[in-house]
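Residue numbers (the numbering used here), protein chains in the order written: chain A, -12 to 598; chain B, 549 to 708.
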Amino acid sequence: MLMFKRKPVKTVLVCCGTGCLANNSRAIYEGLKKRIEESGARASIRPVTKATGCNGLCERGPIVKIQPDDIFYCGVKATDVDEIFERSVLNDEIITRLLYLDSSTGERVKSHRDTEFYKRQHKIALRNIGEIDPASIDDYIERDGYRALEKVLTTMSPQEVIDEIEKSGLRGRGGAGFPTGVKWKQCARVDVFPKYVVCNGDEGDPGAFMDRSIMEGDPHSVIEGMLICAYAIGAERGFIYIRDEYALALKNMAAALEEARKRGFLGRNILQKGMNFDIEIVRGGGAFVCGESTALMASIEGRVGEPRVKYIRSVERGLWDKPTVLNNVETWANVPVIINRGAQWFRSIGSEGSPGTKVFSLVGKVKNTGLIEVPMGITLREIIFSIGGGIPRDREFKAVQTGGPSGGCIPKELLDLPVDFDSLTESGSMMGSGGMIVMDETTCMVEVARYYLQFLAEESCGKCVPCREGIKQMLGILEDICAGRGREGDIELLLDIGATLQEAALCGLGKTAPNPVLSTIRYFREEYREHIQNKYCPAGVCKELTVFYIDQEACRGCGLCAQKCPLGAISGERRRTYTIDETKCIKCGQCRDTCRFGAVKNRGRRHDNNH
Amino acid sequence: MPAGSIEEGLSQAKEIIGKYPREQRFLLAALQDIQKHYNYLPREALALVQEHFSVPMSRLYSMATFYKALTLKPKGKYVIKVCDGTACHIRGSSLLVEELQRLLRIAPGETTTDGKFSLETVNCLGSCAIAPVMVINDQYYGRVTTAAVGKILEDLEAKE
Ligand SMILES: Cc1cc2nc3c(=O)[nH]c(=O)nc-3n(C[C@H](O)[C@H](O)[C@H](O)COP(=O)(O)O)c2cc1C
Ligand code: FES
């Protein structure tokens, strides 16, 4: 038998990002791999199977792609493995039923590149994710990996590197949007050594997973970005701070560091150019405040992660009081591309004040949930309705939350707002690290504010009084409002405490903590009033202020709600009408979610007397 | 979950701690490893940490209470983590927590007296697309409804 070492004709890519893994994609990967290996030499093709990082379209997972034809299968089940292997790997057939169904056109599309979800995206930070096997450094190298490192080491001076990053206008993707080049420049200027390079992979926003996906799906891009900075500022040691819960990110990052060392990209005399640099992983202990840069450094030093006052600047006195550059995961992932393609090119994408792209985790009440990367300046409407496909069950869009616990809720009047650092801040929210949570008419804005405040109350480190006490007081008021104990003057009191916090808190956690409350009061004051004055939660979320009933006119007697009710609180007769026993109802809202005729309604407590 | 028991001795803890140089910056990592192994931080193991790193016990307690990943009490055989990240929250995760509280008669952060179940809420698990999400040990459950919660618990009980 002749043994040609041929390049595989087909490559089968199985998404093994967190979302798909939760949908059992590992079994699909193993199944396809086994079939392909067993068929071995008999087949005229040599497909390889790769476990890739997140494709972004988590909603339709698990996802299997077949190259070079770019066939995109979604919602794949373990039972589909044989058919995929027979028809699409051994042969060139397409299994129509597994293709992506574009909800806007009602058609099945062959390649993910043809979907509305992908067409409007522009991938820079996520360039390799879903395309490469994160465990393979060769995959990374094949897609221009470590070319930027080589370029800076052979053709650029440290100053030129800094100039290029500064010219590109890259702003930190971790939240505040500080110009990355300026930060590097300030650190390079300080004549104190050693210096450190730190990657912030703490990702504290409770509803987001962009950084995790990058660390899981393309760890080398982060390492290369840090190397380039180390060269520019003259650092020899780096740290990547990853939250301990991110098991896969930790594993993939550790493996990538090991590979990079083996290939001479890390360690001593890198690429024989005399540069020394190595990176260690530090596992975070799961505290939101540790995402704040000074708290994070305290945590790396092995102390309790409390922030310190801002006038001491980390670029001069950071980790162990030495000059330190700290950037976010996504910021790092952008750096090699900027070096390769130039500042000019980067500036041509995005908006004037915020060049480039931003990764968002688009989640909540939206049809296509998952990770997206879009040029800055795109409107919220485009993101939510074109890429996201709109609101499920064609309910009404109510608000979108950005910026996590430091951000706010943006209402539908502002849907045409361009998404960039400055306009989001103006709207009373902020860019944050990229959480984007879509809310519909069944989301209560007061309760959302309460949710974030509760999160922050638990996460406040307690070091400064305004934050520790202020958040607690605001939370107490919000809890009262949600429980039907709201009083006249509560709104004004919230505004008052909020303003104090913004002024007096020590770190960003406390200063931005009132944002979820202030922005919802700004745009949804009426909803607060309904809660306080009428004891009515229009969204039907706050239990004390919700009474579900079935509109007898609208009910068609299908009985679905009765089947879904976990308490058996709904009774009636098929093809006639159903009613809810209010004494049994726990207000979980499943009946309302199930009803296709909108017959389940909420009359709140205010009408109690009329019934 | 392969949790070590304190009865099997502290040799494991010694081994874990021994891997780390006696520098303060490895303190958190050592505590995390002990937590992983025993599912909590046994007093006896903390004493070893104290000795190894020469830090006062109060420091260890302040670390243990500050960092969420660390606990001073043992956890149950099944650790039920309900995601209360924003995406899960607005798709009703708090209803799941309430249902679990009702069925298990414990609050988040607690363990049933028979040591079988612990209930926890966590932040985003990266699976918002299938929100609300619940993880029991390493098994993910997506699009969980209040009705499904009871069924999942029954299945676990049946396995016993
Ligand atoms: C309370 C708080 C939490 C933060 N959490 C994170 C985080 O999880 N990830 C992150 O990259 N930045 C976070 N930041 C921002 C960091 O302090 C810092 O500005 C950022 O990591 C710098 O990197 P960049 O310039 O590349 O954005 C947080 C800030 C505050 C005040
Ligand atoms: S919020 Fe629950 S998985 Fe993201």
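Backbone N, C-alpha and C fix where the C-beta goes; we use that ideal spot for every residue, glycine too.
- Here the alpha carbon of A593 of chain B sits roughly 8 Å from the alpha carbon of I582 of chain B.
- Non-local beta-carbon contacts of E428 of chain A in its own chain, meaning distances under 7 Å to residues more than five positions away in sequence, involve R382, E383, K385 and A526 in chain order.
- G633 of chain B reaches chain A at P193 and G194, counting residues in chain order whose Cβ is nearer than 7 Å.
- Nearest neighbour of S414 of chain A by Cα position, chosen from A:V185, A:V209 and A:V406, turns out to be A:V406.
- Taking every protein chain shown into account, the CB of F347 of chain A has 16 or more other CB atoms within 10 angstroms, so this residue is buried.
- According to DSSP, P166 of chain A shares a beta bridge with A:R158.
- Check the Cα spacing between K574 of chain A and each of A:A586, A:R562, A:Y536 and A:L547: the tightest is with A:Y536.
- In this structure, V322 of chain A keeps its C-beta atom at 9 Å or more from the C-beta atom of A122 of chain A.
- For Q687 of chain B, no alpha helix (DSSP H) run applies; the uninterrupted beta strand (DSSP E) run containing it begins and ends at Q687 to Y689, by DSSP.
- Nearest in C-alpha terms to C45 of chain A, of all of A:S75, A:K138, A:S410 and A:S12, is A:S12.
- For N115 of chain A, the Cβ stays outside the 8 Å cut-off from all heavy atoms of ligand 1.
- The set of residues whose C-beta lies within less than 5 Å of a heavy atom of ligand 1 reads, in chain order, A:G159, A:G161, A:G162, A:A163, A:F165, A:N187, A:D189, A:E190, A:G191, A:G278, A:E279, A:S280, A:N314, A:N315, A:T318, A:G495 and A:L496.
- In the DSSP assignment, A492 of chain A forms no beta bridge with any residue.
- In this structure, T281 of chain A and P294 of chain A form a Cβ contact; the two beta carbons are roughly 5 Å apart against a cut-off of 8 Å.
- In the DSSP annotation of this structure, the continuous segment of the alpha helix (DSSP H) that includes A14 of chain A starts and ends at S12 to S26.
- In this chain, the alpha helix (DSSP H) harbouring Y609 of chain B covers M605 to F614.
- Look at R100 of chain A: its C-beta is not under 9 Å from any C-beta on chain B.
- Given a length threshold of 3 residues, each whole run of the beta strand (DSSP E) inside the segment 348 to 404 of chain A is given here in chain order: 357 to 362, 384 to 389 and 395 to 398.
- Ranked by Cα distance from Y228 of chain A, the first of A:T141, A:Q577, A:G254 and A:G271 is A:G271.
- Contact check for T660 of chain B against R653 of chain B passes: the beta carbons are separated by less than 9 Å.
- Counted as a single uninterrupted DSSP element, the beta strand (DSSP E) harbouring R270 of chain A occupies residues M262 to G271.
- Not one heavy atom of ligand 2 falls within 8 Å of the beta-carbon of S341 of chain A.
- If only uninterrupted alpha helix (DSSP H) runs of at least 4 residues are considered, those enclosed by the segment 413 to 447 of chain A are 432 to 446.
- At a cut-off of 9 Å, the C-beta of T694 of chain B has a neighbouring C-beta in chain A.
- When secondary structure is reduced to three states using DSSP, V209 of chain A falls in the helix class.
- Rounded to the nearest whole angstrom, the C-alpha separation of E647 of chain B and G690 of chain B is 16 Å.
- Taking a Cβ-Cβ threshold of 7 Å, none of the residues of chain A is close to V645 of chain B; the smallest such distance is about 12 Å.
- Taking all protein chains shown into account, N315 of chain A has 16 or more neighbouring C-beta atoms within 10 Å of its C-beta and is therefore buried.
- According to the DSSP assignment, K52 of chain A belongs to no alpha helix (DSSP H) but to the beta strand (DSSP E) extending over V51 to Q54.
- For H585 of chain B, no CB of chain A lies under 9 Å from its own CB, so it is not counted at the interface with that chain.
- The C-alpha of R650 of chain B is placed about 46 Å away from the C-alpha of S208 of chain A.
- Taking every protein chain shown into account, the CB of P604 of chain B has fewer than 16 other CB atoms within 10 angstroms, so this residue is exposed.
- Beta bridge pairing from DSSP links E668 of chain B with B:K629.
- Between C396 of chain A and S506 of chain A, the gap from beta carbon to beta carbon is short of 9 Å.
- Counting along the chain, F601 of chain B sits inside no beta strand (DSSP E); it lies in the alpha helix (DSSP H) bounded by residues R591 to F601.
- Of the candidates A:Q259, A:R583 and A:Q539, the residue whose Cα lies closest to the Cα of I567 of chain A is A:Q539.
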